[in-house]
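Okay, so here's the structure we're looking at.
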Amino acid sequence: MDFARPWVSGEVLAALELACGEALANSVEHGGGPKLDVVCLFAGDELTVEIRHEGKGFEPPATVAAPPRGSLRGYGLYIMHAVLDGVEYLDGGTGLRLRMKLRR
585 MDFARPWVSG EVLAALELAC GEALANSVEH GGGPKLDVVC LFAGDELTVE
635 IRHEGKGFEP PATVAAPPRG SLRGYGLYIM HAVLDGVEYL DGGTGLRLRM
685 KLRR
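Residue numbers (this note's numbering): 585 to 688.
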């Protein structure tokens, strides 16, 4: 995410890196497809990152809650929803659109 450094604060950049890292890890681990696409778009004061894979999709949860206390896994979607301004599930669960306001 170094490309965003001139436009956003360190705190915002850290949140973006964390959320995108979780989304990418989920795509690789659970998608199982041969290809992964990442597209970043700056528009006004918002950054949108779309991540899509060609593997199997998943059924998005109706609500996202923290994993049970002491759990070592299952934090990805919870973290994304906690630090971003928007998380959309795309194409039958084979993609995500992550949105964040670029607060300086």
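Even glycine gets a Cβ: it sits at the ideal position worked out from N, Cα and C.
When you compare each of V623, V596 and V667 to I635 by their alpha carbons, which one comes out closest?
On the sequence shown, residue 635 is found 51 positions in, with the first residue counted as 1. Minimum Cα distance to I635 is reached at V623.
Does the segment 595 to 602 come close enough to the segment 671 to 678 to have 3 or more Cβ pairs within less than 8 Å?
no
Can we say the segment 610 to 620 touches the segment 636 to 652, given the rule of at least three CB pairs closer than 8 Å?
yes
Find out if the Cβ-Cβ distance for the pair A599, V667 is shorter than 9 Å.
Taking the sequence shown and counting its residues from 1, one reaches residue 599 at position 15. Taking the sequence shown and counting its residues from 1, one reaches residue 667 at position 83. Yes; because the gap between Cβ atoms is below 9 Å, this pair is in contact.
Taking the runs of the alpha helix (DSSP H) that are 4 residues or longer, which of them lie wholly in the segment 622 to 685?
660 to 667
Look up L620 in the DSSP assignment and give the residues it is bridged to.
Taking the first residue of the sequence shown as position 1, residue 620 is located at position 36. Answer is H637, bridged to L620.
Can you tell me whether V596 is helix, strand or coil according to DSSP?
Here residue 596 refers to the residue found at position 12 when the sequence shown is read from its first residue. Helix at V596.
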